[in-house]
Each structure stands twice: as structure tokens, then as C-alpha cells.
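Participant: Okay, handing you the structure first.
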Amino acid sequence: MTSKPRQKHMERELIATLSDACETAKAEIPGFLWLTHDNGKQEFPEGLRVTWVFDTQANLERALANGDDERMRTLTRVALEWTGIAPELIASCLQFDSEEACEKSQNGDWLKRLEQIRRTRH
């Protein structure tokens, strides 16, 4: 288990590295808008989720069909490694979504959307 000060430091580093990953992806992947991370009620980093968000479901599906998910996995893995988080967590922490899907199912409320996704994955 990591100490609280170390967890806070790691999370600050993660935010910075994920911000870089986000800017890179916006320049490279059509339809990609933003990403976020959350930890739910679990310990950091074990409960970590990184959500990559596209404008539309069609652009998300196109990106996945084109193999852009590999690029997003690589960017996420680099961010985790740079932060000192085990890259093995990537399999369980990465998810993809769209503004369109959130608008349809949660009226654009991303807090509700992320909570619902977390519940359905466990």
C-alpha cells in the first residue's frame, strides 16, 4: 500500500502526463475530445479508471475500427509508467466513451455516467 502523500504526488504526476496524452491524441485521432480519470471509492491507483471521450459514437467506433485504441493504450501506458504506476493496470483501467452516449443516457451528466460505467464493470 502506498502512503497518502505518495498517492497524492502520483496523482498530480498522472494528471500532468494524462494532459500531455490528451493533447497528443486530440492532434492525432479524429473525433477525440478529452479524457478523464477517476478512482471511485477504491485506493489509488488500484481503482484507477481512465476514460477517453469522443464527440460521437460513430467517431469512437471508427477510431476503434482503425486501431486508434492501440495508440490510446500506448499513451495511457506511458502516462502510468512515467507516474510509477504498474502498467499491468492498463487492462482494467482503460475505457472509451462518447459525449453523444452520455447525452443520451445521462443527459450529459458525466459524474452519473462514470459512476454507472464503474458499477456495470464490477
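Position 104 of the sequence shown, counted from 1, bears residue number 190 in our numbering, the numbering being contiguous throughout.
The beta carbon of each residue, even a glycine, is placed where N, CA and C say it ideally should be.
For T137, list the residues DSSP reports as bridge partners.
Facilitator: As a first step, residue 137 must be located in the sequence shown, where it is residue number 51. For T137, which the question treats as bridged, DSSP gives the partners T122 and Q181.
Participant: Let's test the definition: count the other Cβ atoms within 10 Å of the Cβ of G153 and tell me whether it reaches 16, buried, or not, exposed.
Facilitator: If you number the sequence shown from 1, residue 153 lands on position 67. Exposed, because fewer than 16 other Cβ atoms sit within 10 Å of the Cβ of G153.
Participant: In chain order, what residues of the same chain lie with their CB nearer than 7 Å to the CB of K112, ignoring the 5 residues before and after it?
Facilitator: Against the sequence shown, residue 112 aligns to sequence position 26. Taken in chain order, the residues that qualify are F118.
Participant: Taking its Cβ as the centre, do 16 or more other Cβ atoms sit within 10 Å of P116, making it buried, or is it exposed?
Facilitator: Your numbering for residue 116 matches position 30 in the sequence shown. Its Cβ having fewer than 16 others within 10 Å, P116 is exposed.
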